[in-house]
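What follows is a single structure, written as structure tokens, with notes after it.
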Amino acid sequence: MNEIRPLTVAQTLSRLALIGVALLAVIAAFAYAGGWLSPARLTQTKMVAAIQAGIGDHPGFRRAHAKGMCIAGWFDSSGAAVPWSKAAVFAPGRVPLIGRVALASGLPFQSDASVPVRSMALRFMPSDGAEWRTGMNDIPVFVVNTAAAFYQQLVASKPDPASGKPDPAAMTAFLSRHPETARAFGLIGMHPPAAGFAGDTFNSLNTFLLVNAAGTRVPVRWAVVPLQPAVVQASSPDDDSAAPPKKNRLFDDLIVQVHEHPLRWRLVITLGRPQDPTADATLPWPEDRQRVDAGTVTIDQVSSEDNGPCGSINFDPLVLPPGIEASDDPLLSARSSVYARSFTLRSGETALKPPSAITPRDAQRVVTP
Ligand code: HEM
């Protein structure tokens, strides 16, 4: 039998030193991930802090797209996307989905009229396949093409503590360094929003790749295009009468419409050509690109995010099924990382969160428009 000998002092010290080194390595890894070793590095924490510096603290809410409501329904796939993607969601048939419509701002109680950009996020849940999450905005291109530019834009738009307003000179300086953002604002200005969520087209903005059964990849962007008429908003919905402004007008309208009958959007996938930009969401693709009508999204339910199914979903754009992949667009990994931080923060703040702007009662009520 082997004799068990006590360790010498030198052996004990060297083992303790090894444990110490391992602990230091773990601490250093956390410090690196948290950005403590390189304060100049843009981290998810720094990005969320910059967002909050402009809008203040709103515990329990998403750090962007804070005012929203859950939607639910299904997707009827036409099968037309199968030649380009092996994703189960594109096989002919019906797939249930949960989603969320929102205003893009980080302020959870803003009037609907004051926020120009709206969003629709969807989570497709094929019964025998991997799910697909996508968040889309109703603008034709995004305003920046890198996470660093997004951060610099947040810094440039931060309100001056003295005036409470952003410094116009800071924004002018930002735009002169980022002509792509100035160009994007021009394109966005040429696409006025529809009168409401029901008439809006929502765009993926970022480029993704579809992968088919043979392994062939094609760059794509997608949009949901309304089947109900897209009435263009002629004026701000709140300023057309002497009546008190209806803060939740867009959400109230959607609740009424969905209670009357289901709303439908076509899922249109645009196929890129090799020369089309995949890593720059500020650049549109030429209008003549081939479009595939992948099927119809139907929304027949609305609910408050306080008791509905979307409140706890992180619409991370990188939750993708086999058959859809990320492109080289740098915004995708930035979004994934920042959304995770926002999700972690809001999930830990549920006890502090006030009721959302659209309450469970609002979502059930048939509101008089
Ligand atoms: C670096 C650029 C971006 C940053 C830092 C950013 C940041 C955020 C944050 C913090 C949230 C809240 C996430 C949550 O708590 O669940 C959010 C939501 C959202 N973002 Fe972005 N975003 C960026 C780019 C984009 C782009 C390019 C799109 C393109 C369509 C987009 C669409 C959306 C949508 C639709 C939502 C709402 C999802 C929901 O309803 O839960 N974002 N964003």
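Each residue of the sequence shown is one higher than the one before, starting from 53 at the first, in our numbering.
Each residue gets a CB set at the ideal place from its N, CA and C atoms; glycine is no exception.
Residue i - DSSP class collapsed to helix/strand/coil
i: I376; result: strand
i: G363; result: coil
i: I150; result: strand
i: T322; result: strand
i: R115; result: coil
i: L315; result: strand
i: V141; result: helix
i: P231; result: helix
i: A165; result: helix
i: A236; result: helix
i: A246; result: strand
i: P371; result: The sequence given here places Val at residue 371; Pro does not occur at that position. Residue state, collapsed to three classes: coil.
i: G241; result: helix
i: T64; result: helix
i: A392; result: helix
i: I56; result: coil
i: L335; result: coil
i: S287; result: With a pLDDT of 42 at S287, under the threshold of 50, the modelled position of this residue cannot be trusted, and the question is left open.
i: T5; result: What is shown of the chain runs 53 to 421, which leaves residue 5 out entirely.
i: A92; result: coil
i: S385; result: helix
i: A133; result: coil
i: V408; result: Contrary to the premise, residue 408 reads as Ser rather than Val in this sequence. Here S408 sits in coil by DSSP.
i: G181; result: coil
i: A265; result: coil
i: G5; result: What the structure shows of the chain is the stretch from 53 to 421, and residue 5 is not part of that stretch, so it cannot be assessed.
Beta-carbon contacts of residue i that lie in its chain and below 6 Å, excluding the five residues immediately before and after
i: G131; result: P144
i: A124; result: I150, Q353
i: F367; result: A173, R185, G187
i: A234; result: L227
i: V344; result: A132, A133, I321
i: V390; result: Q96, M99
i: R115; result: V100, I103, G158, S394
i: G375; result: S137, K138, A139, V263
i: V371; result: R185
For residue i: DSSP bridge partner residues
i: T186; result: L174
i: F260; result: V272, A378
i: F254; result: V276
i: L155; result: R170
Continuous beta strand (DSSP E) stretch holding residue i: start and end
i: T348; result: 343–355
i: I123; result: 120–129
Close beta carbons around residue i, own chain, < 7 Å, minus the five adjacent residues each side
i: R393; result: Q96, T97, V100
i: I410; result: M121, N300, F303, S356
i: P192; result: L239, I240, H243, N255, P336
i: P373; result: A139, A140, V141, G181, A182, E183, W184
i: P111; result: E401, L404, K405
i: L387; result: Checking the displayed sequence, the identity of residue 387 turns out to be Arg instead of Leu. The residues are P369.
i: D381; result: N258, T259, T330, A331, A333
i: P407; result: D358
Range covered by the alpha helix (DSSP H) that runs through residue i
i: F303; result: 301–312
i: A105; result: 96–107
i: D414; result: 412–416
Close beta carbons around residue i, own chain, < 8 Å, minus the five adjacent residues each side
i: P211; result: G106, K217, P218
i: S288; result: Because S288 carries a pLDDT of 47, less than 50, the predicted location of this residue cannot be relied on, and the following value inherits that uncertainty. Excluding positions up to five away in sequence, the list reads A165.
i: R146; result: W126, F127, D128, S129
i: N189; result: A156, V169, R170, S171, F254, N255, L257
Every unbroken alpha helix (DSSP H) within the region 188–219, with a cutoff of 4 residues, ordered by chain: 199–209
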